[in-house]
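Visitor: The structure is given below, and queries will be raised subsequently.
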Amino acid sequence: LSGFSDIVLMEDRTALLKELHRKVLYRAMGDSVKEFEFEEDQIVPYFREKIGRVVDPSDIVPLLRRTGPLQAIRERGRNIYAYCDADKRTVDGWVRDLINEGTLGTVFMDDPYIVPAEEIPFYASATKKERELNQADRQVLDKLVDSMTLSELAEATELSEDVVFRSLRKLESMYEVTRVQINGNNKWYFAKYLDGFEDRDESICRIIAQYLECFAPATMKEIAYALSLTEEDTSLALKSLIGDEVVVEGKFLVSEDDQYMKHIDRMRLKAGSSDVFDFETVERYHVYKGLRFDSIRDYFAFYGSAGNEIDVYNRVPGFDLEEWYSMRESGELQLGRFIRGKVRFVLKEDGAKLASLRNEPVTQEDLDLLEVLRGMGRATMRQLVAETGLEKPQVKESILRLDRDLRIVHAFSGREDWGTENTYEIYVPDEVKEDPIPGLVEQSVRAYGPIPAMALKYLLGIDPDVATRIATSIGAKTVYVGEGHTPMLIMADEVPKMSHVELPDTVTVLSLFDPALAAKWAEISARYGDRWIYPFVRGSSIIGAAEMWEMSGCIEIRSLDLDDMADLEPSLEALDRMMGFFNMKGTDIIRIREIKSVDAAELDQSVRGILERSGYRFVNGFYAKGRFITRTFTSEEIMSYVIRKQHVAPSDRYPSLEALVADRGYIRNDSELMARVSGRKVFKKLIAKDEYVKTFASIPYIGYTTRELAHLYASAKQCELTPEQDSMLKLIREFEPVTKKDLVRLSSLSDTDAVEAINSLAHLSLVYQDSVGLYSSVEEPLQPLDESRLTVAKMLFGEFGMFSAEHFALFMDVRMAVARSLLRRMEDDGYLVKGFLEKDSSTLMWMLAEDSGKKVEKVRDQFILNN
490 LSGFSDIVLM EDRTALLKEL HRKVLYRAMG DSVKEFEFEE DQIVPYFREK
540 IGRVVDPSDI VPLLRRTGPL QAIRERGRNI YAYCDADKRT VDGWVRDLIN
590 EGTLGTVFMD DPYIVPAEEI PFYASATKKE RELNQADRQV LDKLVDSMTL
640 SELAEATELS EDVVFRSLRK LESMYEVTRV QINGNNKWYF AKYLDGFEDR
690 DESICRIIAQ YLECFAPATM KEIAYALSLT EEDTSLALKS LIGDEVVVEG
740 KFLVSEDDQY MKHIDRMRLK AGSSDVFDFE TVERYHVYKG LRFDSIRDYF
790 AFYGSAGNEI DVYNRVPGFD LEEWYSMRES GELQLGRFIR GKVRFVLKED
840 GAKLASLRNE PVTQEDLDLL EVLRGMGRAT MRQLVAETGL EKPQVKESIL
890 RLDRDLRIVH AFSGREDWGT ENTYEIYVPD EVKEDPIPGL VEQSVRAYGP
940 IPAMALKYLL GIDPDVATRI ATSIGAKTVY VGEGHTPMLI MADEVPKMSH
990 VELPDTVTVL SLFDPALAAK WAEISARYGD RWIYPFVRGS SIIGAAEMWE
1040 MSGCIEIRSL DLDDMADLEP SLEALDRMMG FFNMKGTDII RIREIKSVDA
1090 AELDQSVRGI LERSGYRFVN GFYAKGRFIT RTFTSEEIMS YVIRKQHVAP
1140 SDRYPSLEAL VADRGYIRND SELMARVSGR KVFKKLIAKD EYVKTFASIP
1190 YIGYTTRELA HLYASAKQCE LTPEQDSMLK LIREFEPVTK KDLVRLSSLS
1240 DTDAVEAINS LAHLSLVYQD SVGLYSSVEE PLQPLDESRL TVAKMLFGEF
1290 GMFSAEHFAL FMDVRMAVAR SLLRRMEDDG YLVKGFLEKD SSTLMWMLAE
1340 DSGKKVEKVR DQFILNN
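Convert by adding 489 to the 1-based position in the sequence shown; the result is the number in the working numbering.
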């Protein structure tokens, strides 16, 4: 090496020796060198460019994040000076400042190396040596207080500096001691190591991958030597990295042994371009650029559409479901088959652009149905079938064609749950004055790039060549992805960002419509088939999935599958975060029936422990979390409880009809009277009193009540009247009390329509019949709707004591959304509690809070009930 001393000062001697050895191999191997993939003039410039240069202090930490540990202060081995434009003295000053402020620290391999402080625990875990301490070592460790120099330690231990120096090196290799400061004379200060350790196997893989980032290709022995690892540990880690497709093994540059390099570097070297990326990098970048948005509008401005509210909830901190509903109600946010015939939410202005591109075939029958819908304003398929008299399959096919052609969209009807029946309305998009395609192409490339041109055809229905030409004209460029070098489009200013993406380590529950899963449908289908699942995602990797359904009052996880059970706890935390969305919808319970094909009742104790620590409680064969009581009742106990609430048992009966109506609100017929009121009573005689009137009560059955309670029931049912109902109500108020015959005669409606209007007003409790059958209307004005409903709801619970949400909605004669809102309000007020109250049942039920802790007295009496 004589004559090369100036180079040796700047470069590692081993690098020169490797180069000389390689030249010898070139001559010795002859034609066999053709077996190797690359030549030196391809490899060296490529990795030199990857490493980069240090121009000022701000470049040092980014450089070390690329290269891994480098030596500093002394020019030997892999040192930082080879990559610096400034002289050594200047660089030393920069390094000292970064060490003293805690930005850099040291790790000990064959010598001390500098690394970013956050990397120290990984190198400590991977390279820590197990050695036996001698007396001198123990003395040094015992005397080391705070931070001390070598000479201070020698004085404190009364040992020579040479002995202390050797002990410090041993203690550094064991990570008992580390270097924490350095003065202007390049004297080090030592302290006890307190930065902790990470998982050893993961740390070894991490530091090998970092080494190969800039110093590849390298043999297994070269990697082990460079990182102070054993060959056994290095070999195992390399196999793991190969399995994860991070590293590849092969004959890359002339060498006696197989070499290793990162998969992405091999692809780029083969392509002769730096614009080559692996699929993992692309997927991570897709996730990264759509992580967070400030508002719902910002989400749509970026992605253009959403398939599920949860997709937006996951990305908008402070997501407000009421704001979402307001946007749907106002038409600012629309729902229809806007993207490739799939139902998506879009902003009004984007919907108009997408509609201008659609031209799906429709038939004359479809257009006839469209006119029917126009006359109705909005309607469900069931209502259209009833209105037209057509067969359901025929109406369904017409709706689908009109939906795909964006002649109709999905109207907002208060909420949009999984089981909500679709309501349709005519869609008249705003006029689009400019060609929408360039703007839509740019939005798609910004949101989904890197994206194949063929995918733009799928999204927007335009020719791939046209899409590529438009994208290029607005600043996109082509990069190549994967082993097959698939061309994909991305905006040019995004390319430098792709390789420097950091994703949070948290687990998130995504819907199948989430944009982060757009490229993972093949994987999802292969792993989970056609099951309706919600994947668990960490970073850009799917680590499991849950088959999940929105039930009445709770979210049900029918099965939870994880690749690694170590991820159960973070996955449960992800479900907790997801439940924040469902809490806004009034659902605050989640239950799990099965984990990794094991029924909840048969889970082992370790899994049960994780569930219980996470707040889950075992009830009726499953684990559930949320606001509920764990008490259960047998079917016999429930029947006894309801019978006593109904006052059917002879010992519980009302003393009089007046007491029954005051408590219960109504009486339906003679059989109810006999079963609930003590003594012999004549029904017709009692209800003939003028204080009782005949109308519909809270339940959808006709009965007898007071005028005051009829007013309450009408207030609880108030809604917008049809023109026929409105005219009939005015007529009744004008002539009340009045016979039905006179109403039909006086009305301008047909006889059939007049009778139907009278009956519908009775269903709404707006009119009643007195003891002689004459019709009158309830007094005006009606009470506030919400408070009236709440009063009636409490009366129902007082009468029955316990309901499921479905039965409660049926008895209240309201939509499920209204029923759930009332149940939640009564629960919030402490009037009700809920739980899976029937033993061995999965049905969620509500009951009176005051009774939840009481013992149920079984009914032993005999009596007759009329069904």
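Here a beta-carbon is modelled for each residue, glycine too, at the ideal position from N, C-alpha and C.
(1) Could you check the C-alpha separation between L862 and H989 for me, to the nearest Å?
(2) Taking 9 Å as the threshold (C-beta atoms), are L1263 and A1203 in contact?
(3) Across the stretch 553 to 566 and the stretch 599 to 615, are there enough close Cβ pairs to call them in contact, namely three or more that are closer than 8 Å?
(4) Within 10 Å of its beta-carbon, does K986 have 16 or more other beta-carbons around it, so buried, or fewer, so exposed?
(5) Return the bridge partner residues of F686 from the DSSP annotation.
(6) Report the residue from T1280, F741, V835 whose alpha carbon sits nearest the alpha carbon of D530.
(7) Starting from the C-beta of D1240, find all residues in its chain whose C-beta is less than 6 Å away, skip the five residues before and the five after it, and write them out in chain order.
(8) Is it buried or exposed, E1213, if we count other Cβ atoms within 10 angstroms and call 16 or more buried?
(9) Tell me which residues share the same chain as K1360 and place their Cβ nearer than 7 Å to its Cβ, disregarding the 5 neighbours each side in the sequence.
(10) Below 6 Å CB to CB, which residues in the same chain sit around F782 once its five sequence neighbours on both sides are set aside?
(11) Is the CB-CB distance between F1297 and L1312 below 9 Å?
(12) By Cβ distance, which residues of its chain are closer than 7 Å to K617, with the 5 residues on each side in sequence left out?
(13) Drop a sphere of 10 angstroms on the beta-carbon of R896, count the other beta-carbons inside from all chains shown, and report buried for 16 or more, exposed for fewer.
(14) Let me know the secondary structure DSSP gives L978 once reduced to three states.
(15) Could you work out which residue in V1267, V1307, V835 is closest to T1195 when comparing CA atoms only?
(16) Starting from E967, trace the beta strand (DSSP E) in both directions and tell me its first and last residue.
(17) In three-state terms, what does DSSP make of S819?
(18) Would you decide whether P558 is buried or exposed? Buried here means 16 or more other CB atoms lie within 10 Å of its CB.
(19) Excluding the 5 residues flanking S1330 on each side, which residues of the same chain have their C-beta closer than 7 Å to its C-beta?
(20) Considering only their Cβ atoms, is the gap separating V998 from I1412 smaller than 9 Å?
(21) When the Cβ atoms of the stretch 762 to 772 are set against those of the stretch 1013 to 1025, are three or more pairs found closer than 8 Å?
(22) Is there contact between the stretch 710 to 720 and the stretch 728 to 735, where contact requires at least three CB pairs shorter than 8 Å?
(23) So is F1352 buried or exposed if we call it buried at 16+ other beta carbons inside 10 Å?
(24) If you follow the alpha helix (DSSP H) that E1036 is part of, which residue opens it and which one closes it?
(25) Skipping 5 residues on each side, what residues in its chain have a beta carbon closer than 7 Å to that of S1341?
(26) Taking L758 as the reference, give the member of A1055, A1015, E538, S1160 with the closest Cα.
(27) Cα separation between V1345 and E1276?
(28) Would you call the CB atoms of A705 and D754 closer than 9 Å?
(29) At what residues does the beta strand (DSSP E) containing K1183 begin and finish?
(30) By the DSSP assignment, the beta strand (DSSP E) with M1336 in it spans what residues?
(31) In terms of alpha-carbon separation, which member of E1147, I1191, G1168 lies closest to K1178?
(32) Give every residue of the same chain whose Cβ lies closer than 7 Å to the Cβ of D855, excluding the five residues on either side of it in the sequence, and list them in chain order.
(33) Name the DSSP beta bridge partners of I1156, please?
(34) Excluding the 5 residues preceding and the 5 following V1307 in the sequence, name in chain order all residues of the same chain whose CB lies nearer than 8 Å to its CB.
(35) So the beta strand (DSSP E) M1291 belongs to, where does it begin and stop?
Guide: Looking at the coordinates:
(1) Reading the sequence shown from its first residue, position 373 is the one you call residue 862. Reading the sequence shown from its first residue, position 500 is the one you call residue 989. Distance between the alpha carbons of L862 and H989: 53 Å.
(2) Locating residue 1203 in the sequence shown gives position 714, counting from the first residue. Locating residue 1263 in the sequence shown gives position 774, counting from the first residue. By the CB criterion at 9 Å, A1203 and L1263 fall outside the cutoff.
(3) With contact defined as three or more Cβ pairs closer than 8 Å, the stretch 553 to 566 and the stretch 599 to 615 are in contact.
(4) The residue labelled residue 986 in the question sits at position 497 within the sequence shown. It counts as exposed.
(5) The sequence position of residue 686 within the sequence shown is 197, counting from 1. Note: F686 is not bridge-paired with any residue in the DSSP secondary-structure output.
(6) Position 41 of the sequence shown, counting from 1, holds the residue named residue 530. Out of T1280, F741, V835, F741 has the C-alpha closest to the C-alpha of D530.
(7) Counting from 1 along the sequence shown, the entry for residue 1240 is found at position 751. Excluding positions up to five away in sequence, the list reads V1233.
(8) If you number the sequence shown from 1, residue 1213 lands on position 724. Residue burial is scored here from C-beta neighbours: E1213 has at least 16 other C-beta atoms within 10 angstroms and is therefore classed as buried.
(9) Shown here, the chain extends from 490 to 1356; a query on residue 1360 therefore has no answer.
(10) Sequence index remark: in the sequence shown, residue 782 carries index 293 (1-based). Around F782: Y788, R804, V805.
(11) Within the sequence shown, the letter at position 808 stands for residue 1297. Within the sequence shown, the letter at position 823 stands for residue 1312. Their beta carbons are under 9 Å apart, which means F1297 touches L1312 by this criterion.
(12) Translated into the one-based positions of the sequence shown, residue 617 becomes position 128. Beyond the five residues adjoining it in sequence on each side, K617 comes within less than 7 Å, by CB distance, of M663, Y664 in the same chain, given in chain order.
(13) Counted from its first residue, the sequence shown places residue 896 at position 407. Looking at its Cβ environment, which holds 16 or more other Cβ atoms inside 10 Å, R896 is buried.
(14) Within the sequence shown, numbered from 1, the residue matching residue 978 stands at position 489. Correct three-state label for L978: strand.
(15) Locating residue 1195 in the sequence shown gives position 706, where the first residue counts as 1. By alpha-carbon distance to T1195, the top candidate from V1267, V1307, V835 is V1267.
(16) Sequence index remark: in the sequence shown, residue 967 carries index 478 (1-based). Before going on, a small fix: residue 967 reads as Thr here, not Glu. 965 to 970 is the extent of the beta strand (DSSP E) around T967.
(17) For the purposes of this step, residue 819 is taken as residue 330 along the sequence shown, with counting starting at 1. In the structure shown, S819 sits in a helix (DSSP, three-state: H, G or I).
(18) In the sequence shown, counting from the first residue as 1, residue 558 sits at position 69. Classification for P558: buried.
(19) For this step, residue 1330 is matched to residue 841 along the sequence shown. Scanning its chain for C-beta atoms nearer than 7 Å, with the 5 sequence neighbours on each side dropped, one finds around S1330 the residues N1109, in chain order.
(20) Here the chain has residues from 490 to 1356 only, and residue 1412 is not among them.
(21) With contact defined as three or more Cβ pairs closer than 8 Å, the stretch 762 to 772 and the stretch 1013 to 1025 are not in contact.
(22) Touching, no, given that fewer than three Cβ pairs across the two stretches are closer than 8 Å.
(23) Reading the sequence shown from its first residue, position 863 is the one you call residue 1352. Exposed, by the Cβ-count rule.
(24) Counting from 1 along the sequence shown, the entry for residue 1036 is found at position 547. Looking at the DSSP string, E1036 is not in any alpha helix (DSSP H); the run it does join, the beta strand (DSSP E), is 1030 to 1039.
(25) Here residue 1341 refers to the residue found at position 852 of the sequence shown. Hits under 7 Å: I1118, R1120, V1322.
(26) Locating residue 758 in the sequence shown gives position 269, counting from the first residue. Looking at A1055, A1015, E538, S1160, the one whose alpha-carbon comes closest to that of L758 is E538.
(27) Taking the sequence shown and counting its residues from 1, one reaches residue 1345 at position 856. Taking the sequence shown and counting its residues from 1, one reaches residue 1276 at position 787. Here the alpha carbon of V1345 sits roughly 31 Å from the alpha carbon of E1276.
(28) Start at 1 with the first residue of the sequence shown, and residue 705 comes out as number 216. Start at 1 with the first residue of the sequence shown, and residue 754 comes out as number 265. With respect to D754, A705 sits close: the two C-beta atoms are nearer than 9 Å.
(29) For the purposes of this step, residue 1183 is taken as the residue at position 694 of the sequence shown. 1181 to 1185 is the extent of the beta strand (DSSP E) around K1183.
(30) Here residue 1336 refers to the residue found at position 847 of the sequence shown. Run containing M1336: 1334 to 1337, per the beta strand (DSSP E) assignment.
(31) Within the sequence shown, numbered from 1, the residue matching residue 1178 stands at position 689. Comparing Cα-Cα distances from K1178 to each of E1147, I1191, G1168, the minimum goes to E1147.
(32) For the purposes of this step, residue 855 is taken as the residue at position 366 of the sequence shown. Taken in chain order, the residues that qualify are S887, R890, L891.
(33) As a first step, residue 1156 is located in the sequence shown; it is residue number 667 there, counting from the start. The bridge partners DSSP lists for I1156 are Y1193.
(34) Along the sequence shown, read from residue 1 onward, the residue named residue 1307 stands at position 818. Correct list, in chain order: R1278, A1298, M1301.
(35) Taking the sequence shown and counting its residues from 1, the one referred to as residue 1291 is at position 802. Counting along the chain, the unbroken beta strand (DSSP E) around M1291 starts and ends at 1291 to 1293.
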